[in-house]
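Here's the structure, in structure tokens; my notes come after.
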Amino acid sequence: MSHMMNKLSIKHRGMSLVELMIAMLVGLFLTAGIFTMFNMSSSNVTTTGQFNQLQENGRIALAIMERDISQLGFFADITGTELIVNVNSSNSTTVLTSDCVGEGVNNATFPQNVPAHFRRLWGNEYTNSLTMVCGAPLTPDSKTDIIQVKRLVGPSVLAAQLDANSYYASVTANEIEFFNGSVATPPVKLNSRMWKYQHRVYFVETDSGIPVLKRRSLNISGGMSNEEQLVEGIENIHFLYGFDNDGDSTPDTFIPAKNVSTFMWDNQGFQRLVALRMYVLVRSIQIDRSYENDVTYTLGDKEISGSVNPNKSNDTDYKHYRRKVLSTTVVLENPVLIRN
């Protein structure tokens with residue numbers, strides 16, 4: 001009987017204190033390992049997601065600007081001819097409610113009656129003063145570029161397709177007339193076609209702490225006060241202008257806007273603008289305080305620190321954002337075709 005009781009006692013004996021402590025310690029290590037793995041996995045997902053976002057936002061920004069810039073200076077059958085008011089150019093539009101006038105004597109939305117080239121393209125880096133004057137003030141971020149593009153938008157349209165809030169041009173090989181899309185009878189010339197006219201300005205501006213690529217676009221009701229938010233996270237844009245100096249329709253040099261002369265802006269002589277190199281610095285939307293950015297980003301001839309805000313040295317959040325530079329080179333088809 002005593003032997004049977006001893007066997008039962010052994011059979012139902014629980015874990016000792018030492019065994020319990022060892023089991024708890026093993027469980028603690030397993031839990032810590034699982035938590036570390038989960039934390040690393042979560043961090044990797046965040047990092048991968050942000051880099052994918054940077055790539056996609058930069059790609060979209062470049063594609064939007066490239067679509068306009070590649071066709072700048074397109075004026076249908078009169079492309080490549082200097083537009084001279086009262087000679088081959090006329091304007092029957094209503095007065096703009098708000099214009100954006102870039103640097104130069106003849107750089108408003110429509111050609112002016114002055115002895116100077118009508119600029120289809122102009123750009124500059126905004127520093128302490130803005131050389132573009134807009135009726136509705138333009139307030140780009142400091143040390144980013146602005147660019148102004150004017151062109152006709154295809155395909156050509158019929159009278160029944162005119163939009164009442166847009167400007168158009170009736171064009172032949174010898175003359176162009178700008179007019180309102182709301183007119184009862186659009187101007188008709190021999191062998192003319194009608195095209196929508198567009199004037200746009202691209203720039204970067206910060207809204208609620210988030211840098212945004214924006215665009216001003218022309219229409220009748222708002223003039224050049226119509227502002228669109230295009231892509232979030234675009235912190236800086238920069239352009240290098242490619243000029244052909246020897247007549248072979250390929251760029252011999254790429255230079256920033258500050259080095260482009262009046263002679264070059266006006267495409268006089270052999271200083272013809274044939275290409276544009278575009279750079280965008282993209283920033284993540286969400287801050288990541290576990291990440292410190294110590295990279296220096298190169299945008300052509302310009303370098304930007306990832307750790308110190310060039311416009312606000314006491315910005316402690318600046319270094320906690322991921323960034324990426326994307327670039328592309330755009331061939332300006334119309335100047336090349338004109339020369340050839």
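Residue numbers (the UniProt record's numbering): 1 to 340. C-beta atoms are modelled at their ideal positions from N, C-alpha and C, and glycine is treated no differently.
- The beta carbon of threonine 139 lies closer than 7 angstroms to those of Glu205 in the same chain, with the five residues before and after it left out.
- Going by DSSP, phenylalanine 179 is part of the beta strand (DSSP E) stretching over 176 to 180.
- Burial of serine 284 is indicated by the presence of at least 16 other C-beta atoms within 10 angstroms of its C-beta.
- Methionine 132 sits in coil when the DSSP states are folded into three classes, being neither helix nor strand.
- When only Cα atoms are considered, asparagine 219 and threonine 316 end up about 41 angstroms apart.
- If one requires a minimum length of 3 residues, the beta strand (DSSP E) runs lying completely within the region 209 to 284 are 210 to 219, 223 to 232, 234 to 244, 253 to 256, 272 to 283, in chain order.
- Shown here, glycine 154 sits in a strand according to DSSP, grouped into three states.
- Cβ contact annotation for threonine 253 (same chain, cutoff 8 angstroms, sequence separation greater than five): Gly242, Phe243, Asn245, in chain order.
- Taking C-alpha positions only, glutamate 228 is separated from histidine 238 by approximately 19 angstroms.
- Restricting attention to Thr93, Val308, Ile234, the CA atom closest to the CA of glycine 223 is found in Thr93.
- In the DSSP annotation of this structure, the continuous segment of the beta strand (DSSP E) that includes serine 170 starts and ends at 167 to 171.
- When Ser305, Asp248, Asp301 are compared, the shortest CA-CA separation from asparagine 293 is found for Ser305.
- In chain order, His320 place their CB closer than 8 angstroms to the CB of arginine 289, counting only its own chain and leaving out the 5 sequence neighbours on each side.
- Annotation: the region 16 to 98 contains the following complete segments of the beta strand (DSSP E) (minimum length 3 residues), in chain order: 89 to 91.
- The residue from Asn180, Gly104, Cys134 with its alpha-carbon nearest to that of serine 98 is Cys134.
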